[in-house]
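Participant:
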Amino acid sequence: MKILLANVPGFTPDMFAAIEALGLEPVFLPGENGRPGFEQRHYDMDFSDIDIVVCYRFFCYNDIAQFRSLKYIHTTSSGLDHMPMDYIAEHGIHLCNARGVYSVPMAEFALGSVLQLYRSAELMRTQQQAHRWKQHYNMRELGGKIVTLLGTGSVGTECAKRFSAMGCLCVGLCRNPQPDAPHYARQLSVDRLDEVLPETDILILALPLTDETHHIINAHRLSLLPRDAIVVNMARGAVVDTAALLDALETERIAGAAADVFEQEPLPPDSPVWDCKNLIVTPHNSYVGENNPRRLFDLVYRDTVNWLKEMEDRT
14 MKILLANVPG
24 FTPDMFAAIE
34 ALGLEPVFLP
44 GENGRPGFEQ
54 RHYDMDFSDI
64 DIVVCYRFFC
74 YNDIAQFRSL
84 KYIHTTSSGL
94 DHMPMDYIAE
104 HGIHLCNARG
114 VYSVPMAEFA
124 LGSVLQLYRS
134 AELMRTQQQA
144 HRWKQHYNMR
154 ELGGKIVTLL
164 GTGSVGTECA
174 KRFSAMGCLC
184 VGLCRNPQPD
194 APHYARQLSV
204 DRLDEVLPET
214 DILILALPLT
224 DETHHIINAH
234 RLSLLPRDAI
244 VVNMARGAVV
254 DTAALLDALE
264 TERIAGAAAD
274 VFEQEPLPPD
284 SPVWDCKNLI
294 VTPHNSYVGE
304 NNPRRLFDLV
314 YRDTVNWLKE
324 MEDRT
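In structure tokens, the structure reads:
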């Protein structure tokens with residue numbers, strides 16, 4: 014069987030050799046003009062005999078119908094909002110995502126962002142650049158704060174692990190709450206969001222983008238938060254109403270926010286988001302970590318071995 018590797022950053026020759034040892038024939042896509050191969054249309058390639066695809070956003074640029082032998086997709090992203098889900102379901106294609114691969118760096122991003130806001134890191138850096146010595150006495154501490162995690166998958170749980178270690182009480186909101194989930198003070202059904210928000214010091218968004226979660230954080234829900242609350246979004250940009258978030262920050266309805274994802278990416282240079290006060294802006298970078306390639310390979314390899322075994326058992 015042929016496996017198309019359209020986006021496998023950091024994979025080493027030994028990793029590719031391990032994939033070949035499974036009896037698979039790797040096919041690689043070249044990039045052009047510095048662009049990765051998955052971000053372009055490959056009109057000149059015949060994909061009809063490809064059985065497996067490892068990719069990220071590849072099917073945003075290439076028609077999945079070209080892959081007439083396709084049986085298995087492993088996306089290198091955690092989210093599936095960029096995948097042609099209807100076609101995949103209709104054709105019985107097995108789909109795996111990169112669950113857990115990026116959870117550690119994302120959790121560290123969330124913790125680091127809150128600490129930056131709590132400890133006035135931007136102000137301190139500005140004073141350093143100006144060679145100005147002035148103490149400030151309005152610094153906040155994490156201990157005892159209530160952290161609401163909207164989404165309790167691997168990202169939310171890695172966040173809960175770190176924030177609980179800092180003395181926070183972590184409340185998880187999800188579809189299927191677990192009464193004794195480690196690192197959480199409690200888990201509740203997501204339909205209790207409005208009930209929880211008034212008690213929330215730090216709101217972390219770590220849930221997938223669906224029709225139900227689009228703008229789940231809107232002007233009304235931002236108004237339910239305490240004025241000293243912090244919002245961290247590293248899920249998808251559209252889970253937050255951007256205009257409502259900017260208004261809440263500009264009017265000091267909430268104390269601060271960190272956003273790594275946006276409704277429009279890349280963020281245009283003239284976007285008001287860049288200059289919003291008390292907002293940390295990063296370019297969809299929270300998932301990046303030095304150990305991602307190893308975690309990604311281990312997951313892709315394990316999932317592929319399991320799928321190949323299932324295929325063998327059926328025959």
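Here my numbering = 1-based position in the sequence shown + 13.
Built from N, CA and C at the ideal position, the CB exists for glycine as well.
1) Quick one: any contact between the region 181-192 and the region 202-214, if contact means 3 or more CB pairs under 8 Å?
2) Below 7 Å between beta carbons: does that hold for ILE230 and VAL253?
3) Per the DSSP calculation, TYR85 is bridged to which residue(s)?
4) What distance in whole Å lies between the Cβ atoms of LEU93 and ASN110, which are believed to be in contact at a cut-off of 8 Å?
5) Tell me the DSSP secondary structure of LEU93 in three-state form.
6) Going by other Cβ atoms of all chains shown within 10 Å of its Cβ, with 16 needed for buried, is PRO192 buried or exposed?
7) Looking at ALA173: is its Cβ nearer than 7 Å to the Cβ of HIS196?
8) Skipping 5 residues on each side, what residues in its chain have a beta carbon closer than 8 Å to that of LEU280?
9) Once you ignore the five residues that flank LEU130 on each side, which residues in its own chain have a CB closer than 6 Å to its CB?
10) Give me whichever residues DSSP pairs with ALA272 in a beta bridge.
11) Given LYS147, which residues of its chain have a CB within under 7 Å of its CB, disregarding the five upstream and five downstream residues?
12) Between ALA123 and chain D, is the shortest Cβ-Cβ distance under 7 Å, so that the two count as touching?
13) Using the Cα positions of LEU17 and VAL313, report the straight-line distance between them to the nearest angstrom.
14) Between ARG132, MET137, GLU171 and SER167, which lies nearest to MET152 when the distance is taken from Cα to Cα?
15) With DSSP collapsed to three states, give me the class of CYS172.
16) Indicate the three-state DSSP secondary structure (helix, strand or coil) for ARG138 in the structure shown.
17) DSSP state of PRO39, grouped into three classes?
Facilitator: Walking through what the data contain:
1) yes
2) yes
3) ILE65 and HIS107
4) 6 Å
5) coil
6) exposed
7) yes
8) VAL286, TRP287, VAL294 and PRO296
9) ILE243 and GLY269
10) ASN246 and VAL294
11) GLN140
12) Of the protein chains in the structure, only one exists, and it is not chain D.
13) 13 Å
14) ARG132
15) helix
16) helix
17) strand
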